[in-house]
Amino acid sequence: MFYLAFHSRFNRRVQVNHPNIWSFIKFLQGEENRFHHMRIQFSAGLGPRPKQAKTIAIQRRIDNLGKRYYDCAINAMEYLDGLSFVVAKRKK
9 MFYLAFHSRF
19 NRRVQVNHPN
29 IWSFIKFLQG
39 EENRFHHMRI
49 QFSAGLGPRP
59 KQAKTIAIQR
69 RIDNLGKRYY
79 DCAINAMEYL
89 DGLSFVVAKR
99 KK
């Protein structure tokens, strides 16, 4: 599964479907620099960023729906409808 995240990140960073060798090398240098900085930060005691209140609320709703589904309080269709309402983006 990690490879999918890397591939997605690679495409976003390079912004080309089939990059040439120079843009690929530039991308690899940037990734090396990024991981070097992350390693320094973690070794200095910096932990992961705290979750935002909005993220915590969404995760709580998803967990609640899952619990209700596995306790047979709601059926599969209600579970999927609930999930779609939770993750749907609101129009501004």
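Count along the sequence shown from 1, add 8, and you get the number used in the working numbering.
We treat Cβ as the ideally placed atom computed from N, Cα and C, and that holds for glycine.
What you are looking at is a predicted structure, and each value in this text was computed from that prediction instead of being measured.
Taking the C-alpha atoms as reference points, what is the distance between N83 and K75? In a straight line, the C-alpha of N83 is about 12 Å away from that of K75.
Taking the alpha helix (DSSP H) that L91 belongs to, which residues open and close that run? From DSSP, the alpha helix (DSSP H) with L91 extends over 84 to 95.
Buried or exposed: which applies to L54, given that a residue is buried once 16 or more other Cβ atoms fall within 10 Å of its Cβ? Burial call: exposed.
By a C-beta neighbour count over all protein chains shown, 10 Å radius and 16 as the cutoff for buried, is L73 buried or exposed? Buried, because 16 or more other Cβ atoms sit within 10 Å of the Cβ of L73.
Taking the alpha helix (DSSP H) that Q37 falls in, what are its first and last residues? Q37: member of the alpha helix (DSSP H) spanning 29 to 51, first to last residue.
Over the uninterrupted alpha helix (DSSP H) stretch that includes A61, give me the two end residues. Secondary structure note for A61: its alpha helix (DSSP H) is the uninterrupted segment 61 to 78.
So, V94 versus I64, is the Cβ gap smaller than 8 Å? V94 is not a Cβ neighbour of I64, given a cutoff of 8 Å.
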